[in-house]
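Trainee: Add 58 to the 1-based position in the sequence shown for the working numbering, that's all there is to it. Handing you a structure now.
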Amino acid sequence: MSSKLEELQALLAPVVVALGYECWGIEFSAQGRHSMLRVYIDKEGGVLVDDCAIVSRQISGVLDVEDPIAVEYTLEVSSPGMERPLFTLEQFAQFVGEQVKIKLRSPFEGRRNFQGLLRGVEEQDVVVQVEDHEFLLPIDMIDKANIIPSF
Numbered sequence: 059m060s061s062k063l064e065e066l067q068a069l070l071a072p073v074v075v076a077l078g079y080e081c082w083g084i085e086f087s088a089q090g091r092h093s094m095l096r097v098y099i100d101k102e103g104g105v106l107v108d109d110c111a112i113v114s115r116q117i118s119g120v121l122d123v124e125d126p127i128a129v130e131y132t133l134e135v136s137s138p139g140m141e142r143p144l145f146t147l148e149q150f151a152q153f154v155g156e157q158v159k160i161k162l163r164s165p166f167e168g169r170r171n172f173q174g175l176l177r178g179v180e181e182q183d184v185v186v187q188v189e190d191h192e193f194l195l196p197i198d199m200i201d202k203a204n205i206i207p208s209f
């Protein structure tokens, strides 16, 4: 996790929790005037638009005071949704048995993209079965991971 992302997590997660929500994860992509800060919130029974608005107002106030992002950015507060992103080993463990799509920061065994069955977590690795092969993917190499919804 980048130091900027860690800083934002430390600043914003307590705010989200204090409002009665779970801070599911934070994404920050710095791309000049198109930078995006996305905060995923969750709660028992699901997240409504009003929940996102409440959290967005509170986070905006904190960000205005603390000013941790030097560039212009867009703030988005969202529920994790059906294609739920996974950020932590605990979250991966919670969704064992689900289909996942994982993109790595750099190639592992010659590839960066993996799609398959989430088999579990072993120490600092996420275990994914792709066809007949199991891969142990180090959590710190994962750039993006999402649940693939089944209908």
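Where is the CB? At the ideal position from N, CA and C, for every residue including glycine. Predicted, not measured: the structure shown is a model, and the values here were computed from it.
1) Would residue 85 count as contacting chain D if we go by Cβ distances under 9 Å?
2) Output needed for residue 196: all residues of its chain with C-beta closer than 7 Å, excluding positions within five of it in sequence on either side, in chain order.
3) Within 10 angstroms of its Cβ, does residue 138 collect 16 or more other Cβ (buried), or is it exposed?
4) Would you grab the beta carbon distance between residue 163 and residue 201 for me? Rounded to a whole angstrom, and I think it's under 8 Å.
5) Does DSSP put residue 198 in a helix, in a strand, or in coil?
6) Quick check: the Cα distance between residue 65 and residue 142, rounded to an integer number of angstroms?
7) So, for residue 71: in the same chain, excluding its five sequence neighbours on each side, which residues have a beta-carbon less than 6 Å away from its beta-carbon?
8) Does the Cβ-Cβ distance between residue 206 and residue 156 come in under 9 Å?
9) Decide if residue 144 is buried, meaning its Cβ has at least 16 other Cβ atoms within 10 Å, or exposed.
10) With DSSP collapsed to three states, give me the class of residue 129.
11) What span of residues does the beta strand (DSSP E) with residue 100 cover, start to end?
12) Taking residue 68 as the reference, which of 84, 77, 79, 204 has the closest Cα?
Mentor: Well, looking at it:
1) This model lacks chain D altogether, as it is built from one protein chain only.
2) 182, 183
3) buried
4) 5 Å
5) helix
6) 23 Å
7) 81
8) Going by C-beta atoms, residue 206 is nearer than 9 Å to residue 156.
9) buried
10) coil
11) 93–100
12) 84
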